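If you read the protein sequences in the order shown, they are chains P and V. Read in order, the letters of the first sequence correspond to residues 1 to 86 in the numbering used here. Read in order, the letters of the second sequence correspond to residues 1 to 150 in the numbering used here. Yeah, the Cβ is synthetic: ideal placement off N, Cα and C, and Gly gets one too. Source: prediction; values computed, not measured. One structure is given below, encoded as structure tokens.
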Amino acid sequence: MLLSEDSLTINSLADNFDMSRPAVSKHVKILETAGFISIKDLGRERYCTLKKDGFDELKAWLNYFDQFWASKLKNLETLLNKKLPN
Amino acid sequence: MAKIIKHQYFFSHPIETVWEYLTNSELMGQWLMKNDFEPVVGHEFQFRTGGKANLNFDGIFYCKVLEIDPLKKLAYSWNCGPGEGKITLESVVTWQLEAKENGTEVFLDHRGFNQEENLDMYHGLMHGWLEKFQNIEKLLNPAKDGNTNA
Chain P
1 MLLSEDSLTI
11 NSLADNFDMS
21 RPAVSKHVKI
31 LETAGFISIK
41 DLGRERYCTL
51 KKDGFDELKA
61 WLNYFDQFWA
71 SKLKNLETLL
81 NKKLPN
Chain V
1 MAKIIKHQYF
11 FSHPIETVWE
21 YLTNSELMGQ
31 WLMKNDFEPV
41 VGHEFQFRTG
51 GKANLNFDGI
61 FYCKVLEIDP
71 LKKLAYSWNC
81 GPGEGKITLE
91 SVVTWQLEAK
101 ENGTEVFLDH
111 RGFNQEENLD
121 MYHGLMHGWL
131 EKFQNIEKLL
141 NPAKDGNTNA
């Protein structure tokens with residue numbers, strides 16, 4: 001959540017956690033591998049930024065499937081009612 | 001963000017009928033999508049629909065039957081990608097049915113939603129663990145490998 005507003009250096013990120021800098025660095029590396037954040041080297045500092053693409057794409061998929069199933073279930077009901085009147 | 005899609009739907013038809021429409025390939029094609037589904041655990045099949053360029057989706061869902069409990073439960077994997085069989089999104093669809101007095105209550109659960117980047121990491125982790133287990137096995141059975149250090 002700290003990265004949702006702006007980009008931070010690994011050092012300033014580490015200040016927010018009760019963890020050693022190498023430990024924070026390791027977590028950041030995992031998040032980068034997973035595609036959730038990007039790391040940029042600027043001068044002697046490494047800056048982390050939240051990558052919104054991954055989240056937005058997943059959100060688009062979830063919206064798509066939510067509507068997809070709603071309309072398919074409606075299809076099924078229409079089909080059942082037409083073919084097999086009670 | 002919740003990564004689960006759930007739908008509950010009541011059909012005023014007997015459970016046998018609803019189950020038939022969920023598990024008969026031709027009937028499924030009439031309300032869901034064209035497919036080569038067979039109600040056999042492990043059967044691999046595809047659903048085909050129109051592609052969605054904005055979602056990087058070629059219109060084919062690659063599925064595999066994971067579980068069948070007649071008239072009660074049906075689950076299949078539901079994977080897709082941009083084309084040529086490449087998978088960039090993995091998920092699982094589960095149907096559960098409940099007989100009611102005047103019909104059938106259907107519960108649909110669609111979850112998983114692992115994306116490509118995560119898949120790479122996940123498979124990397126799995127590979128890592130497999131290697132570790134193989135190492136342990138080797139350590140436990142040194143004789144098998146001909147390492148007679150004794």
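Best match in the options for proximity to residue i [C-alpha to C-alpha]
i, options, result
"Glu-90 (chain V)", "V:Gly-81, V:Val-106, V:Ala-53", "V:Gly-81"
"Asn-35 (chain V)", "V:Gln-115, V:Arg-48, V:Ile-4, V:Glu-44", "V:Arg-48"
"Ile-87 (chain V)", "V:Asp-69, V:Phe-37, V:Gln-115", "V:Gln-115"
"Leu-74 (chain V)", "V:Gln-46, V:Leu-97, V:Asn-56", "V:Leu-97"
"Phe-45 (chain V)", "V:Val-92, V:Gly-83, V:Cys-63", "V:Cys-63"
"Leu-80 (chain P)", "V:Lys-3, V:Met-28, V:His-7", "V:Met-28"
"Ser-7 (chain P)", "P:Leu-73, P:Lys-82, P:Asp-41", "P:Asp-41"
Residue i to residue j span [Cα, whole Å]
i, j, result
"Trp-78 (chain V)", "Phe-61 (chain V)", "6 Å"
"Ile-10 (chain P)", "Thr-33 (chain P)", "16 Å"
"Phe-17 (chain P)", "Gly-43 (chain P)", "24 Å"
"Thr-17 (chain V)", "Tyr-64 (chain P)", "28 Å"
"Ile-5 (chain V)", "Asp-15 (chain P)", "37 Å"
"Asp-109 (chain V)", "Glu-45 (chain P)", "45 Å"
"Leu-50 (chain P)", "Ile-39 (chain P)", "9 Å"
"Ser-12 (chain P)", "Arg-21 (chain P)", "9 Å"
"Gly-83 (chain V)", "Asp-58 (chain V)", "5 Å"
"Tyr-76 (chain V)", "Trp-19 (chain V)", "15 Å"
"Gly-100 (chain V)", "Phe-10 (chain V)", "The sequence as given places Lys at residue 100 (chain V); Gly does not occur at that position. Spanning the two alpha carbons is a distance of roughly 9 Å."
"Pro-14 (chain V)", "Ala-70 (chain P)", "21 Å"
Residue-chain proximity (residue i, chain V), Cβ-Cβ < 8 Å
i, result
"Leu-80 (chain P)", "yes"
"Asp-15 (chain P)", "no"
"Leu-58 (chain P)", "yes"
Cβ of residue i within 8 Å of any chain P Cβ
i, result
"Thr-23 (chain V)", "no"
"Thr-94 (chain V)", "no"
"Ile-5 (chain V)", "yes"
"Ala-150 (chain V)", "Any reading at Ala-150 (chain V) must be qualified, since the residue scores a pLDDT of 45, below 50, and its modelled position is unreliable; the value itself is stated next. So, not an interface residue."
"Phe-113 (chain V)", "yes"
"Tyr-9 (chain V)", "yes"
"Leu-108 (chain V)", "yes"
"Leu-74 (chain V)", "no"
Boundaries of the beta strand (DSSP E) in which residue i is found, first to last residue
i, result
"Lys-52 (chain V)", "Lys-52 (chain V) -> no beta strand (DSSP E), and no H or E assigned at all."
"His-7 (chain V)", "4-11"
"Gly-112 (chain V)", "103-115"
"Ala-23 (chain P)", "Taken as a continuous stretch (DSSP letters only), Ala-23 (chain P) belongs to no beta strand (DSSP E), being part of the alpha helix (DSSP H) at 21-33."
"Phe-61 (chain V)", "60-69"
N-terminal and C-terminal residue of the alpha helix (DSSP H) that residue i is part of
i, result
"Asn-11 (chain P)", "10-14"
"Glu-16 (chain V)", "15-23"
Exercise. Using a beta-carbon distance cut-off of less than 7 Å, what residues from the stretch 62-78 of chain P approach chain V?
Worked result: If the cut-off is 7 Å between Cβ atoms, the stretch 62-78 of chain P has Leu-62, Tyr-64, Phe-65, Asp-66, Trp-69, Ala-70, Lys-72, Leu-73, Asn-75, Leu-76, Glu-77 near chain V.
Exercise. Got a sec: which bits of the stretch 18-41 of chain P sit with their beta carbon under 7 Å from any beta carbon on chain V, in order along the chain?
Worked result: Those would be Thr-33, Ala-34, Gly-35, in chain order.
For this session: With 7 Å as the limit, tell me which residues of the stretch 25-51 of chain V have their beta carbon closer than that to any beta carbon of chain P; keep them in chain order.
Result: Flagged, chain order: Gln-30, Trp-31, Leu-32.
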